[in-house]
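Note that the protein sequences, when read in sequence, are chains A and B. Here the numbering used here runs 1349 ahead of the position in the first sequence, where the first position is 1. Here the numbering used here runs 1349 ahead of the position in the second sequence, where the first position is 1.
Number of protein chains: 2
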Amino acid sequence: MAQPDTKTRIISTAEELFALAGFHLTSLRTITTQAGVNLAAVNYHFGSKEALLEAVFDRHLIPLNDIRIKRLEGVAAQAKKSGRPPEVEGVLRCFTEPTLALLHRDSGTGYFRMLVGRSLSDPDQTVRQLFLGRVSGVLELLLDLLCQALPHRSRESVSLKLNFALGAMSHTLIFQGQGGLLGGVDKGKSIDEVIEMLTNFIVKGMEG
Amino acid sequence: MAQPDTKTRIISTAEELFALAGFHLTSLRTITTQAGVNLAAVNYHFGSKEALLEAVFDRHLIPLNDIRIKRLEGVAAQAKKSGRPPEVEGVLRCFTEPTLALLHRDSGTGYFRMLVGRSLSDPDQTVRQLFLGRVSGVLELLLDLLCQALPHRSRESVSLKLNFALGAMSHTLIFQGQGGLLGGVDKGKSIDEVIEMLTNFIVKGMEG
DNA sequence: GCACCTTTCAAACACTTGTTTAAATTATTG
DNA sequence: CAATAATTTAAACAAGTGTTTGAAAGGTGC
C-alpha cells in the first residue's frame, strides 16, 4: 500500500504524540523520526510547530464543527417553525453525539479524541487558545439554544451548567477507552452505552 | 512583615506558575527569579524540579485528603450503624464540599485550585501520575460508598458516572473565578451558589 | 537535452533547559 | 571566640529545543 504523503504523515504522527505526551513535551525530532521524514519537513510544510498543531486541530475539528452547527441550526429552525422552545435533550444531543462519536475506534480518531479532551484544560496557553478559538462559536450557539430551552433559568445559570457538562464530556473523551480514572471502567460498557449514559447524566443535571 | 523562608517561598511561587503555565513550561529560572531566591535553591532544598512539584501537591492535598477521608468514613460508619445504605447526596458532599472549598479566595488556595483542576488531565504524564497517586485512595473509598448508595446499579455504571462527576468538578475548579469558558459566567453567582449548583448537577446526574 | 519548481536532506544556528560544582556567606553549636 | 554545619551564590555543564540554511535530489514540462 502506498504511504500517505509527507504532510499527512506528519499530521497523523503529531496528532498521536500530542495526544499522548502533550504539545510541548513532544519534540519535532520525535515526530519526524516516527513519521519517517526529515526534521526540516515540519517547518517546510507548515511553517512552525504551532502551525502544525493548528493543522492537526483543523483536520478533524472543521468537519466536526460543521456537523454540530448544522444540527444546532436544524433544531433552532424547527423551534422557530413550531413556535415552541426546543427541548434540552434535543439541543444537547446536537453537540454531544457528534463529539462523543470520536470515541468510536473505527472512525480513526482515537488519538484526536484524547487531544480534544485535554485541550480545553491544557496548561499550555497556546494549546488552549488555538483550541478554544475553534470551538467558541459552536459553544455560544449551543448556549443560546439552551437558554431558549430553559427560559425560566438565567443565562448565567445555564452557562454555568453548560460548563459542568463540558467538563464531564472532555473528561470522558480522555479516559474512556483506556480504563477510566480508576481502571476497569470500560470493561462492561459498549461505547454507545457510554454515550447514552453521559448524555443522560448531562440532561438530568441540566434540567434539575 | 517577615518574609517566609526560602522553601515556602519557592513552593508558593511554583504553585502559582505551575497552575498558570503548566509544569514543563515553567522553568526553574522563572520560579527562582520571581521568588527572589537563587537558581540552585530548588535542587538544594527539594532535590529536583519533580520533587518540587510533589511538595506543591502535598502542602494542600494532604490536609484536603484527611478531611475527605474523615467525612467519608463518618458516612460509612453512620450507614453501618443504622443498617441503611447512605444517601447519594451525602456521600458526594463528603468529596465535593471540601474540594470546591478551594474556590474560596480567602483560603489562599487560588492557584492550587487551578493546579488541581488541570492535573488529572495534564498532558504531562509526570504531573498526572504524581497527582493521581495522591487521590486514587480517596476516589476508591468514594466509589465504594457510592455503590452502597446505589445498590441497584452495577459497579461499572457507578464508576462511569463518577468519572462524569469528576470531570465536571475539575473543569469547574479551573474555570470558575476567571469567567468560565465563554466569559462572564461568575458575574452573578457567588461561590457558594456555584458549589450548590454543581453538587446538585452531579447528584441529579448520578441518581438519574 | 535543458530549465524550472518542489521537496528532501544533513548540518549548523542560537537559545533554553535542569542539574552540578565549588567557593562564599551565614547560622548554629560547643 | 572558634569550629562545625547549613545555606546561598555565581558559574559552568551537558543535553535538548525550534528554526534556518544551502546544497542535493526528484519531478515536470518544453
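No residue lacks a Cβ here, since even glycine has one placed at the ideal position from N, Cα and C. Here the structure is a predicted model, which is why all the values come from computation and not from measurement.
Residues of its chain near residue i, where Cβ-Cβ distance is below 7 Å and the 5 sequence neighbours each way are ignored
{"i": "residue 1416/B", "result": "1447"}
{"i": "residue 1499/B", "result": "1437 and 1507"}
{"i": "residue 1517/B", "result": "1547, 1550 and 1551"}
For residue j and residue i, the rounded distance between their alpha carbons
{"i": "residue 1461/B", "j": "residue 1519/B", "result": "12 Å"}
{"i": "residue 1319/B", "j": "residue 1362/A", "result": "Since the first and last residues shown for chain B are 1350 and 1557, residue 1319/B lies out of range."}
{"i": "residue 1539/A", "j": "residue 1450/A", "result": "12 Å"}
{"i": "residue 1466/A", "j": "residue 1405/B", "result": "25 Å"}
{"i": "residue 1541/A", "j": "residue 1484/B", "result": "29 Å"}
{"i": "residue 1555/B", "j": "residue 1470/B", "result": "22 Å"}
{"i": "residue 1521/A", "j": "residue 1512/B", "result": "7 Å"}
{"i": "residue 1433/B", "j": "residue 1509/A", "result": "34 Å"}
{"i": "residue 1557/B", "j": "residue 1501/A", "result": "22 Å"}
{"i": "residue 1491/B", "j": "residue 1504/B", "result": "12 Å"}
{"i": "residue 1527/B", "j": "residue 1468/A", "result": "17 Å"}
{"i": "residue 1377/A", "j": "residue 1399/A", "result": "11 Å"}
{"i": "residue 1543/A", "j": "residue 1371/B", "result": "31 Å"}
{"i": "residue 1545/A", "j": "residue 1523/A", "result": "17 Å"}
{"i": "residue 1442/B", "j": "residue 1354/B", "result": "36 Å"}
Cut-off 8 Å between Cβ atoms - residues of its own chain near residue i, not counting five sequence neighbours on either side
{"i": "residue 1350/B", "result": "For residue 1350/B, the predicted model reports a pLDDT of 40, less than 50, meaning its position is unreliable; a value from the coordinates is still stated below. So no residue of the chain qualifies."}
{"i": "residue 1435/A", "result": "1424, 1425, 1427, 1428, 1494, 1497 and 1498"}
{"i": "residue 1487/B", "result": "1414, 1417, 1418, 1421 and 1444"}
{"i": "residue 1396/A", "result": "none"}
{"i": "residue 1366/A", "result": "1375, 1379, 1380 and 1383"}
Cβ neighbours of residue i in the same chain (closer than 6 Å, five flanking residues each side left out)
{"i": "residue 1373/A", "result": "1473"}
{"i": "residue 1384/B", "result": "1358, 1359 and 1362"}
{"i": "residue 1394/A", "result": "1356"}
{"i": "residue 1368/B", "result": "1460, 1463 and 1464"}
{"i": "residue 1364/B", "result": "1405, 1460 and 1461"}
{"i": "residue 1401/A", "result": "1363, 1391 and 1395"}
{"i": "residue 1439/A", "result": "1424"}
{"i": "residue 1454/B", "result": "none"}
Residue i classed as buried or exposed, judged by whether at least 16 other C-beta atoms fall within 10 angstroms
{"i": "residue 1388/B", "result": "exposed"}
{"i": "residue 1409/A", "result": "buried"}
{"i": "residue 1419/A", "result": "exposed"}
{"i": "residue 1489/A", "result": "exposed"}
{"i": "residue 1456/A", "result": "exposed"}
{"i": "residue 1375/B", "result": "buried"}
{"i": "residue 1525/A", "result": "buried"}
{"i": "residue 1553/A", "result": "buried"}
{"i": "residue 1431/B", "result": "exposed"}
When the options are compared against residue i, the one with the closest alpha-carbon
{"i": "residue 1458/B", "options": "1400/B, 1407/B, 1393/B and 1444/B", "result": "1407/B"}
{"i": "residue 1476/B", "options": "1378/B, 1403/B and 1354/B", "result": "1403/B"}
{"i": "residue 1529/A", "options": "1531/B, 1528/B, 1529/B and 1515/B", "result": "1515/B"}
{"i": "residue 1479/A", "options": "1386/A, 1379/A, 1411/A and 1354/A", "result": "1411/A"}
{"i": "residue 1531/B", "options": "1382/A, 1553/A, 1527/A and 1482/A", "result": "1482/A"}
{"i": "residue 1352/A", "options": "1399/A, 1386/A and 1441/A", "result": "1386/A"}
request  = For the stretch 1446-1480 of chain A, list the alpha helix (DSSP H) runs that are entirely contained and at least 4 residues long, ordered along the chain.
outcome  = 1459-1468
inquiry  = Just to confirm the assignment: which complete alpha helix (DSSP H) runs, minimum length 4, are found wholly within the stretch 1493-1531 of chain A?
reply    = 1504-1524
Beta strand (DSSP E) runs contained entirely in the stretch 1386-1431 of chain A, provided each spans 3 or more residues = none
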